[in-house]
Structure formats: C-alpha cells, structure tokens
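Position in the sequence shown (from 1) plus 573 gives the number in the working numbering.
Yeah, the Cβ is synthetic: ideal placement off N, Cα and C, and Gly gets one too.
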Amino acid sequence: MFKRSLALVAGVALSLSTVISQAAEVLKVSAIPDEAPTELLRKFKPLGAYLEQSLGMKVEFVPVADYAAVVESLAADRLDMAWLGGFTFVQTRLKTGNAIPLVQREQDEKFTSKFITADASVESLQDLKGKTFAFGSVSSTSGSLMPRYFMQQDGINPEQFFSRVAYSGAHDATVAWVQAGKVDAGVLNASVWQKLVDAGKVDTAKVKVISTTPTYYDYNWTVRGTLDPALAEKIKQAFLALDPANPEHKAILDLQAATRFIPTKPENYTGIEEAARSAGLLK
C-alpha cells in the first residue's frame, strides 16, 4: 500500500511538473489596444508564427480591454511581452522597476502625430479655436500625450482652446469621427494615418492633415523584467533578424508598418516621462 501511495504521489508530481513545464513553454504576448481588436490580431498572427519557429515554443496572443490592463498584466507576470506606446512603457517601467524594452521599429526613433480635419475652412491649429476635437486614448503616446504636450508648448490648452474635447479610444476611431463630422478635428499617430490612407479607408478629398508634431520616441516591444534573460535575448535577436529582403519577413514587417527593427533602451523614453509629468499625467 505504501509503495502504491508513493507511486501515486510520484505520478501526480510528474503530471504537475509536466503541466508547469508546458505552461512555461507558452510565451504570452499582447499589445495596447490602439486599433480594433480584429486588426491587432491580424497584424500579429504572422509575427506570432515566426516567433514560434524562431524560439521553438508556443506563442499566444492575449487581447486586453484597455491600456491600463497591459501595464497591470506585465506587472503581475500574466504577460511575457507586449507592444507598448512610449507612455505605456514609461508607466510599466515605473510600476515594475524592471520592464525591459527590447526593440522598436526604425521609425519609432523619430515618430510623429498628425492633426486632421474635414473642415475645408481650417488650415492650421489656430483655426480650430472654439471647435470640437478628439484625442485617441487618454493613455496613448501619439494619440494624446505628445500632441497635448506640443500644443501646450505652443500656448494651446486643449480644454480651454476647443469647445469640446473627446477621446475616441483608438487611432482608427479618431479618423472615423473626423470623417463622419462627429468632431471638427482630431489627432492620431502618423503610422496608422498612412496605413488608412494606403488602404483607401479614409477619403483624402475630404479629410486632410493640417499639422504634424515634432518627432519623439514611441512604440517598442517590452518584456517583463522577470523573464528568463536568455529567452529575452532570443526574442530580441529574432526581431533583429527580420530582413526586408526576405519575402516572408517583409510580409511580417509590412503588417507591423516597419522597415526593420532596431535595439532600444529605457533611456530613450526619458523625454516621454518628462512630457507626461509636465502634462500632470504622472505624479
């Protein structure tokens, strides 16, 4: 009986060990919801398949409800890696103390936001005084924080300058609001704007760009600080190995709106942190 009990305990332990081992072999990945959930998943699927092949482990995309959920999930180790905006990275880094930005797209070194309108009489930001305006998500770097920061640098306080300020929640939603006349103008990141234009999803005969912000650092792929350093390095090298001369790689890069990925570091985002503190979004 005693031997059978030992065998049973050993069997259960082996089963638990197998489950734990299998769980550890799943890389859980997410992204800030700055576009529609279906679009985020469409963009990630080929990249996820590439990472599975490169890392030799299962990669699972985990949708989140909002920006704050990404920060919380990385801090609680429920996610291993996430696509973050500059501000979301700063929030994650401050909350965890050890989140690691691995790579960014080449364009994220000099990112910009576009101010758009469908009002033919508007030619500049000053022409929007007393009109309605939409940011994206309140936690968005390119759809809220940096455009707000640059407007403030130019003496524009959005809540006083516009008759109404709204938050669409996502870049593509901002374009839809402006195009439908729900607001007089809005701001979104340059990458999504160009993607929508290229896809014919915005009527450029009606909606136009009236201003572009100065450049700033933005998006990156970040891993939780407690992730195995060897795995983090393998992930980084997999991104850096994406070659636009390789047709399969180029398809992945195109979906990520990237020419290539380059290394990044926490120090690149000190300007974002300063802007957030200036805007009163960080204490």
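(request) Can you have a look at D801 and say buried or exposed, based on whether 16 or more other CB atoms are within 10 angstroms of its CB? (result) exposed
(message) Give me, in chain order, the residues of the same chain whose beta-carbon lies closer than 7 angstroms to that of T788; leave out the 5 immediate sequence neighbours on both sides.
(response) K683, F684, T685
(message) Is the beta carbon of A763 closer than 7 angstroms to that of K687?
(response) yes
(message) Please report the straight-line C-alpha distance between D681 and V695, rounded to a whole angstrom.
(response) 29 angstroms
(request) Using a threshold of 7 angstroms, state whether the C-beta atoms of W656 and A622 are closer than that. (result) no
(message) For V599 and V796, what's the separation of their Cα atoms in angstroms?
(response) 14 angstroms
(request) Drop a sphere of 10 angstroms on the beta-carbon of S594, count the other beta-carbons inside from all chains shown, and report buried for 16 or more, exposed for fewer. (result) Only weak support is given to the placement of S594: the predicted model assigns it a pLDDT of 35, under 50, and the question is left unresolved by the model.
(message) So D607 and S717 are supposed to be a Cβ contact under 8 angstroms. How far apart are they, rounded?
(response) That belief does not hold up - the Cβ atoms of D607 and S717 are roughly 10 angstroms apart, past 8 angstroms.
(request) Quick one: give me the first and last residue of the beta strand (DSSP E) that M724 is part of. (result) No beta strand (DSSP E) contains M724, which is instead part of the alpha helix (DSSP H) from 719-726.
(request) Tell me whether the beta-carbon of F748 lies closer than 7 angstroms to the beta-carbon of V711. (result) Position check: residue 748 holds Val in this sequence, whereas Phe was assumed. Not a contact, by the Cβ cut-off of 7 angstroms.
(message) Going by DSSP, what residue range makes up the alpha helix (DSSP H) through R615?
(response) 610-628
(message) Does G759 come out as helix, strand or coil in the three-state DSSP assignment?
(response) strand
(request) With DSSP as the reference, label T777 as helix, strand or coil. (result) coil
(request) Thinking T705 and V756 are a contact (beta carbons under 8 angstroms), I'd like their distance in whole angstroms, please. (result) 4 angstroms
(message) Considering only their Cβ atoms, is the gap separating V632 from L624 smaller than 7 angstroms?
(response) yes
(request) Buried or exposed for Q733, please, with buried defined as at least 16 other CB atoms from any protein chain shown within 10 angstroms of its CB. (result) exposed
(message) Using C-beta distances below 7 angstroms, list every residue in its chain close to K838, excluding the 5 sequence neighbours before and after it, in chain order.
(response) P674
(message) By the DSSP assignment, the beta strand (DSSP E) with V632 in it spans what residues?
(response) 631-634
(request) Sort out for me which residues DSSP pairs T795 with in a bridge. (result) A655, P674
(request) With R850 as the anchor, note down where its alpha helix (DSSP H) starts and where it stops. (result) 843-851
(request) Ignore the nearest five residues each way along the sequence and tell me which others in S627's own chain have a CB closer than 6 angstroms to its CB. (result) A811
(message) On the criterion of 16 or more Cβ atoms from any shown chain inside 10 Å, does A772 qualify as buried, or is it exposed?
(response) exposed
(request) Have a look at D700 and G754 and give me their C-alpha separation to the nearest angstrom. (result) 16 angstroms
(message) If the criterion is Cβ atoms closer than 7 angstroms, does the pair T832 and E645 meet it?
(response) no
(request) Kindly identify the DSSP beta-bridge partner or partners of K668. (result) None; K668 has no bridge partner.
(request) Figure out for me which residue from K618, V782, P720 has the closest Cα to the Cα of T690. (result) V782
(request) Work out the CA separation of S736 and H822 for me, nearest whole Å. (result) 46 angstroms
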